[in-house]
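Notes to accompany the following structure.
Chains as they are written, first to last, in this note's numbering: chain A, -3 to 249; chain S, 9 to 96.
What follows is the structure, given as structure tokens:
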């Protein structure tokens, strides 16, 4: 991968082409982009997306990359925020064949790759699953020995089962004890659901994750309040703050 | 009132920081000029404003980096930053 190109120098805006769109949930859609001269990316990185109106007004947002570096095309999963300026267009109007201005990949802190090792602890709130999915997909495509060396646990908090992004793929990727996927529903769950039905709290973390002695690399992504709460709990439980990486998803639209 | 509203963190500033610095900056370590806390730029708290961003120290709330952008200029206020260590 062309890491030197990807990490030094000014990032140019490029016009990507939408080659596929996939509805993930009623509110979230994946856009697969063909990006000219894409230098490759690391799981956890994002791109900036820029929309320019006819009068010159610009709106810019950051969206996480959901696809692993091995995939052709760069997949972004975008959740629609109804009063947003950018996401309603990306989720509702953009079609296959359309162009989209992006720059990236961006980020060197909230990234994971096989070389960093494990165990790998992923904690997602809502659409915070997106960059963590790139990590999980990267892990799934690694060779058997690399996979075996890095056990993964994903704890994913969603409002209802219908809000779970990548639900079918998560079910397929789950392979305990190597890859464990634990869901918790905070608003509504089917009566038959036997799993968690509350916000992530200390007791849930203690039950689901490794002890600090296992020295997991933790990646926490979600809304600000979610991230602060989970990151503080992890540190309270004895995990080194330097091994808890955070990314906040804001409702900026 | 349009108060500063926290929405994101320093990860989201990675793109605009590349307009200023030659390197990927979210993994760079920032030493806060207020309290001396050291942490990755990606973990600073971002307070968005219409014309720019403020990145604040998660420990003491000092404005570590301020970036203002207009069509004709880009201003970087680093008065709250003691040291920036950029991994090679």
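All C-beta atoms in this analysis are idealised placements derived from N, C-alpha and C, irrespective of residue type, glycine included.
Inset, instruction - Take the Cβ of residue 108 of chain A as the centre, count every other Cβ of all protein chains shown within 10 Å, and call the residue buried at 16 or more, exposed below. - result: Answer is buried; the Cβ neighbour count reaches 16.
Legend entry - Beta-carbon proximity list for residue 74 of chain A, same chain, < 7 Å, skipping 5 on both sides: In chain order, 24, 25, 27, 59, 83, 86, 87 place their CB closer than 7 Å to the CB of residue 74 of chain A, counting only its own chain and leaving out the 5 sequence neighbours on each side.
Legend entry - Buried versus exposed, by CB contacts within 10 Å (16 or more), residue 12 of chain S: Note that residue 12 of chain S scores a pLDDT of 43, beneath 50, so its modelled location is shaky and nothing firm can be said.
Inset, instruction - Please classify residue 95 of chain A: is it buried, with 16 or more other beta-carbons within 10 angstroms of its beta-carbon, or exposed? - result: Counting the other Cβ atoms within 10 Å of the Cβ of residue 95 of chain A gives fewer than 16, which makes it exposed.
Legend entry - Any non-hydrogen atom of the ligand GDP within 7 Å of residue 70 of chain A CB: Although the ligand GDP was asked about, the structure shown includes no ligands whatsoever.
Inset, instruction - Going by CA-CA distance only, name the one from A:220, A:221, A:228 that's closest to residue 214 of chain A. - result: Its Cα nearest to that of residue 214 of chain A, the residue A:228 stands out among A:220, A:221, A:228.
Inset, instruction - Give me the Cα-Cα distance between residue 105 of chain A and residue 43 of chain A, rounded to the nearest whole angstrom. - result: If I take the Cα positions, the gap works out to 14 Å.
Inset, instruction - Answer yes or no: does any C-beta atom of chain A fall closer than 8 Å to that of residue 34 of chain S? - result: Output row for residue 34 of chain S: interface = yes.
Inset, instruction - Measure from the C-beta of residue 58 of chain A to each C-beta in chain S and report whether the shortest distance is under 8 Å. - result: Taking a beta-carbon distance threshold of 8 Å, residue 58 of chain A counts as an interface residue toward chain S.
Inset, instruction - Buried or exposed for residue 65 of chain S, please, with buried defined as at least 16 other CB atoms from any protein chain shown within 10 angstroms of its CB. - result: By the 16-neighbour rule on beta-carbons within 10 angstroms, residue 65 of chain S is buried.
Inset, instruction - Tell me whether residue 26 of chain A sits in a helix, a strand or coil according to DSSP, three-state version. - result: In this structure, DSSP gives residue 26 of chain A an extended state, which the three-state scheme calls strand.
Legend entry - is_contact[residue 45 of chain S, chain A] using C-beta, thresh 8 Å: No, residue 45 of chain S does not count as interfacial toward chain A.
Inset, instruction - Could you spell out the range, first to last residue, of the beta strand (DSSP E) harbouring residue 45 of chain A? - result: Its beta strand (DSSP E) spans residues 42 to 48.
Legend entry - the stretch 129 to 144 of chain A / the stretch 194 to 202 of chain A touching (three or more Cβ pairs under 8 Å): Short answer: they don't touch.
Inset, instruction - Could you round the C-beta distance between residue 40 of chain S and residue 74 of chain S to whole angstroms and report it? I think they count as a contact, below 8 Å. - result: Under the criterion of beta carbons closer than 8 Å, residue 40 of chain S and residue 74 of chain S do not qualify as touching, at roughly 14 Å.
Legend entry - Buried or exposed by the 16-neighbour rule on C-beta atoms within 10 Å, applied to residue 238 of chain A: Exposed: under 16 other Cβ atoms inside 10 Å.
Legend entry - chain A within 8 Å of residue 16 of chain S, Cβ atoms only: It does; some Cβ of chain A falls within 8 Å.
Legend entry - Three-way DSSP call (helix, strand, coil) for residue 133 of chain A in this model: Judged by DSSP in its simplified three-state form, residue 133 of chain A adopts helix.
Legend entry - Own chain, CB closer than 8 Å to residue -2 of chain A, minus 5 neighbours either side, in chain order: Since pLDDT at residue -2 of chain A reaches only 40, below the 50 mark, its modelled position is unreliable, and no value is offered.
Legend entry - First through last residue of the beta strand (DSSP E) which encompasses residue 226 of chain A: Per DSSP, residue 226 of chain A belongs to no beta strand (DSSP E); it is in the alpha helix (DSSP H), 220 to 232.
Legend entry - Element boundaries [beta strand (DSSP E), containing residue 31 of chain A]: Boundaries for residue 31 of chain A: no beta strand (DSSP E) harbours it, and the DSSP string shows neither H nor E there.
Inset, instruction - Hey, could you find the ends of the beta strand (DSSP E) residue 66 of chain A is sitting in? - result: For residue 66 of chain A, no beta strand (DSSP E) segment is defined, and its DSSP state is neither H nor E.
Inset, instruction - Pull up the CB-CB distance for residue 15 of chain A and residue 69 of chain A, whole angstroms please, since I reckon it's below 8 Å. - result: In this structure residue 15 of chain A is in contact with residue 69 of chain A, their Cβ atoms being roughly 6 Å apart against a cut-off of 8 Å.
Legend entry - Cross-chain neighbours of residue 125 of chain A in chain S, by beta carbon under 7 Å: For residue 125 of chain A, none of the residues of chain S pass the 7 Å Cβ criterion, the least Cβ distance being about 16 Å.
Legend entry - Per-residue burial, residue 17 of chain S [other beta carbons within 10 Å of its own, 16 or more giving buried]: With 16 or more other Cβ atoms within 10 Å, it is buried.
Legend entry - Neighbourhood of residue 36 of chain S by C-beta distance below 6 Å, restricted to the same chain and skipping five residues each side: Its chain contains 49, 92, 94 as the residues whose beta carbon lies nearer than 6 Å to that of residue 36 of chain S, once the 5 sequence neighbours on both sides are disregarded; these appear in chain order.
Inset, instruction - Could you work out which residues of chain A lie near residue 88 of chain S, taking near to mean beta carbons separated by less than 7 Å? - result: Near residue 88 of chain S there are no residues of chain A at all, since even the closest Cβ is about 19 Å away, more than 7 Å.
Legend entry - Close-in-space but distant-in-sequence residues of the same chain around residue 216 of chain A (CB under 6 Å, 5 per side omitted): Cβ neighbours of residue 216 of chain A beyond the five flanking positions: 119, 223, 226, 227, 242.
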